[in-house]
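In what follows, a single structure is set out as structure tokens and then discussed.
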Amino acid sequence: MLAFALLAALGACESSEERAARHYASGVELAEAGDPSRAMVELRNVFKLDPDHEEARLLYARLLNQTSARGDAYKQYLRLVQQFPNNIEALSEFSALAVANTDWPNARKYLPRALEAAPDDLTLMGLKSAVDYQRGIEDDDADLRAEALKQAEIVLARDDTQIPPLQVRIDALLRAEDEVAALREVERAITLQPDDLSYHELKLTLLDAMGRSDDIGAHLEEIFRQFPENERIRERLIRWYLEAGKLDEAEAFLRGEAERADPADRDGALATVVEFLRVTQGPDAAMTEVDKLIEAGENQALFGSLRAGLMLQDGRTDEAVALLREIIDTAEPSPQTDRIRITLARVLESQGDRVGARALIEEVLTQDPSNVGALKMRAGWLIETDKTGEAIAALRVALDQEPRDVETLALLADAHEREGNYQLAGERLSLAVESSNYTPETAIDYARFLVQRNQPDQAEQVLAASLRRNPGAHPLLIEMGQLFLREQDWRRVEEIAARLAQFQNPEAQQTALGLRTAALQGQNRLDETNAYLQEMLDTGAAGPQAAALVIQNMLRENKVDEAKAYLETQLEREPESLEYRFLQAGLDLATGNDAAAIATYRELIEASPKTPRFHRALALALLGQGKDDEADVVIAAGIEATGEPSLRLMQANRAEARGDLAGAIEIYEELYAEDSSNLLVANNLASLLSTTDESPEALERAQVIARRLRDTEIPPLQDTYGWIALRRGDVEEALAYLEPAAAGMPDHPETQLHLGLAYIEAGRRDEAREVLERAHELAPADSTVAKAVEEARERLETSGSPAPSAPSENAPSDDTSAQ
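In full-length UniProt numbering, the protein residues as written are 1 to 819.
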């Protein structure tokens, strides 16, 4: 007892610095003895006593990196470089991790500091080549890429085991379309980093491009042995077997792999056999195999969930849900059980049971707060409800666990875009493309983003890079064709159309038809266009849509009688065709025979009541005749029959036109709750909220919804964003949007009013007077806008200029929202 008391007394006398030093010494000793887990426990004790202990923090980060906990190591090195900016090891290691994680902003920030301290360090020079090369890609700077490649070659000549400069060389070879050399370098990368799946996938892409089918199969089998749980590899291997027609050999190989698999890999290998049987022999064969595995005592929860998946594919949703619930209720807590919960949550969400899905996800996160699948689902819901800050926080936790998870990166891009932070959104989409090895889906998403940001050249580069890796992916060609069409590059549009026409795929062939037609029309080669379309019709390669284009071309040349005769011929061939009758109604409407068109539209609705465009066309025809009440009835009936969102948008616009702004907002709120990513709905809702309700809460909500409109170049969206900025008192920001909006919509009175009010707030009275005079000339007499213009003009002539107010909620809005 005396000894214990003495030790306690000595401990009480020991300072916190001394205790920290003792824990650190113990941590060093354990690390040197090869016991990193216990060493890190000692180091965490150091941090409790001395959070600023540089050597302990550095050793802790080093151990995390060595034990492959690179997400946590990244955080520790980041803390070190922020807290101890001259620590060379921390700067070097953090820069390396930043490049590995494709975190280019941080790499650009901290790598120069490391190089300044160690300019001749070969590893840092290799990292710099990768960072510079990436900047060359982002800026479309061929000279910078070439210079970075030279740097990479210098480093590789001295040390050919460095991955970052090797990646530069590989990308340069891919851009040069030197597949043989690229394959050689990719195989070297695989030797250096055999566990990096992206290099294996790139090798497959190159083998595919070179037509080496047998080598593809051999490499797929090799990868499958290494990554038996990877569903994408499993599916690709099965697809290769199917394409090669080697079904018996395939089944024998997969069953053999399952028998030979280690216990940790056995479940994945057996699941691959089940999937193979489903694809090759149908769901019944797969179900039989699953039942055998369950009866044999294999993983009950896993194969029970596979059984539920087969039920879902067979349309037996209720049975599948019941089975998944039973599995969850009886299974022990484990990562596998959490995966099954997430699967069930996805099923429930697809059925509209968001409450049940949320409950399951919360259960998972209660047990495992860093579960990536659950965090992604929660983040998706948060983004939908504009809680982007919370979503980003959740996704960052997910990214710490899996830094190259493509879905996480895409969700982060969505969240940043929703906030109007397009730079970060673009960076995340770029990382998603790289992490996926340029899959068509991620490349198309990024290309569309770049097009929206008016960067068509960069979009083309992304699509071309993906096409090099996926030469058989017709969606990439479709997207590229649309890009060239937008740029009016007719020669390349026709080239893409010719390539698409070679695919035995309906979507590809229909797109080829549309692109070829658009290219001919764009060059005003109308006779050639009609001849081509007629040839497609005569051979059965095209349908009524081609006939519609022929008629459109005839009307453009004012050949009305010829258009009517042409359509009559088509109707004689197919008198029961609803499509040709729809064209007949459209032609009647275009040539002034409104009554006949309306009668035909009514017949079409009776024949096919669930076709939204029939309802929409009839409503528009009635509105054109001034029969607004009848049109409203048609729209309501169409909504009841189809539930089509576009008809509900029409209904909201009609409510605005009647001055029922509260009714319009109610419809937009419903549409926004169903799909908050719809830009048109978001703009119109934000616009109405900011013009009908002067409460701070309404204005704040309008601003949150409108954040995504930042940097827009579309005049109606600029008007919405600028008006909200003005309402919030940010006059400079408001003018940056309202001036181009007013220039883009010179005949829109309310936009001119908004700009005039902004000029008043900015003290630019002469410009305000000129713009408000124009608004006065444009505004219909006795309208809400006219009254607001007069109020603004009166205020302009007085000394005071109070903040702009919204029009009365009960007055018509003159349809200021984007339609």
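Here a beta-carbon is modelled for each residue, glycine too, at the ideal position from N, C-alpha and C. None of these values were measured; they are calculated from a predicted model.
- A Cβ-Cβ distance of about 7 Å is found for the pair LEU344 and VAL321, placing them in contact under the 8 Å criterion.
- Within the model, the alpha-carbon separation for GLN336 versus ARG255 is close to 23 Å.
- The three-state secondary structure of ILE714, taken from DSSP, is coil.
- If you draw a 10 Å sphere on the C-beta of GLU257, you find 16 or more other C-beta atoms in it, and that means buried.
- Membership of LYS559 in any alpha helix (DSSP H) is not indicated, and neither H nor E is assigned to it by DSSP.
- Going by DSSP, MET745 is part of no alpha helix (DSSP H) at all; its letter is neither H nor E.
- The three-state secondary structure of PHE253, taken from DSSP, is helix.
- Sequence-distant partners of LEU571 (beyond 5 residues in either direction) whose C-beta falls short of 8 Å from its own C-beta, in its chain, are SER577, TYR580, ARG581, GLN584.
- Separation of ALA637 and LEU680 (C-alpha to C-alpha, rounded to the nearest whole angstrom) is 23 Å.
- ALA621 is positioned such that its CB atom lies closer than 8 Å to that of ALA597.
- With fewer than 16 other beta carbons inside 10 angstroms of its own, GLN504 counts as exposed.
- Counting along the chain, the unbroken alpha helix (DSSP H) around GLN367 starts and ends at 354–367.
- With a cutoff of 8 Å on beta-carbon distance, GLN752 and TYR737 are scored as not near each other.
- Counting along the chain, LYS150 sits inside the alpha helix (DSSP H) bounded by residues 142–158.
- Contact between ALA413 and ARG428 holds, since their C-beta atoms are separated by about 4 Å, short of 8 Å.
- For ASP660, no alpha helix (DSSP H) run applies, since DSSP gives it neither H nor E.
- With a cut-off of 8 Å on Cβ pairs, the stretch 432–439 is not in contact with the stretch 139–151, counting fewer than three such pairs.
- The count of Cβ pairs closer than 8 Å, one atom from the stretch 351–361 and one from the stretch 383–393, stays below three, leaving the stretches out of contact.
- The Cβ atoms of THR123 and GLN162 sit closer than 8 Å to each other.
- Linking ARG769 to ALA742 through their CA atoms gives a straight-line distance of about 14 Å.
- Your pair ALA641 and ALA655 does not check out as a contact, with CB atoms roughly 20 Å apart and the cut at 8 Å.
- Between THR205 and the set GLU229, THR191, VAL180, the nearest pair of CA atoms involves VAL180.
- Here SER677 is exposed. Its C-beta has fewer than 16 other C-beta atoms within 10 Å.
- Straight through space, the alpha carbons of ILE216 and ALA250 are spaced by roughly 14 Å.
- Nearest in C-alpha terms to VAL493, of all of GLU507, GLN502, LEU477, ALA286, is LEU477.
- A distance below 6 Å between beta-carbons, with the five flanking residues on each side excluded, links LEU399 to the following residues of its chain, in chain order: THR408.
- Rounded to the nearest angstrom, the Cβ distance from ALA31 to LEU63 is 6 Å, consistent with a contact under 8 Å.
- Annotation for GLY27: the continuous alpha helix (DSSP H) segment containing it runs 16–32.
- Judged by DSSP in its simplified three-state form, LYS376 adopts helix.
- Per DSSP, the unbroken alpha helix (DSSP H) holding THR123 starts and ends at 122–138.
- The criterion of a C-beta distance shorter than 8 Å is satisfied by THR720 and SER687.
- Annotation: GLN401 to ARG70 spans about 9 Å, alpha carbon to alpha carbon.
- If you look at ASN684, you'll find it in the alpha helix (DSSP H) that goes 679–692.
- With respect to ARG602, SER646 sits apart: the two C-beta atoms are not nearer than 8 Å.
- Listed in chain order, the non-local C-beta contacts of GLU55 below 7 Å within the same chain comprise TYR24, local neighbours out to five positions each way being set aside.
- By the C-beta density criterion, LYS292 is exposed, having fewer than 16 other C-beta atoms within 10 angstroms.
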